[in-house]
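Just below is one structure, and these are the notes that go with it.
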Amino acid sequence: MRKTPEILPTEMCVQDVIEQTRAGKLGAWPVAEKDYFLGMLTTETLGCAFADGRKEQLLKELVEALQVPHLHTDHPLHLALERMSKYHLLPVVHRANIHKLEGVVTLTDVLDAYGIDHIGSG
């Protein structure tokens, strides 16, 4: 698990997020309202919203509210790999409060832990 990368606030609009995250290598970002984790947002979802003319839509209307795979700190590493089918970044949430984001696990983290060469993954 690593420290949570940039957390997107729910009050940002699609266009602002695209501009802000353009240089990043991640394909998904956690979305939260203050410290209340709501879910994840992917580059694909942002791109579709922008293409559909919803560039001013707020993230709170777009985020996939906790319909995303997640982990707890005591989950085994193989479970992270199994749950990474859509996202290459999984949120790690508190077991007693799934709205408390504790960190993230990336595909690169999992591959590193298994000692697998991962050129081109992220």
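FYI, in this note's numbering the residues of the sequence shown are 1382 to 1503. All C-beta atoms, glycine included, are put in the ideal place defined by N, C-alpha and C.
Range covered by the alpha helix (DSSP H) that runs through V1486: Per DSSP, V1486 belongs to no alpha helix (DSSP H); it is in the beta strand (DSSP E), L1482 to T1487.
Through-space distance from D1498 to A1413, alpha-carbon basis: 33 angstroms
Rounded separation between D1397 and L1439 - CA only: 10 angstroms
Paired residues, beta bridge with A1429 - DSSP: Rather than Ala, the amino acid found at residue 1429 in this sequence is Cys. BP columns for C1429 are empty, so no partner.
Y1417 in three-state terms, based on DSSP: strand
DSSP bridge partner residues for A1404 (one or two, in chain order): None; A1404 has no bridge partner.
Burial state of P1457 (16 or more Cβ within 10 Å): With fewer than 16 other Cβ atoms from the protein chains shown falling within 10 Å of its own Cβ, P1457 counts as exposed.
Per-residue DSSP class, three states only, for V1449: coil
Cβ shell of R1435 (< 7 angstroms), same chain only, five flanking positions each side left out: V1395
Spatial distance of P1472 from M1393 (CA atoms): Those two C-alpha atoms are separated by around 20 angstroms.
Secondary structure of V1444, DSSP reduced to three states: coil
Pairwise C-alpha distance: G1420 and V1449: 7 angstroms
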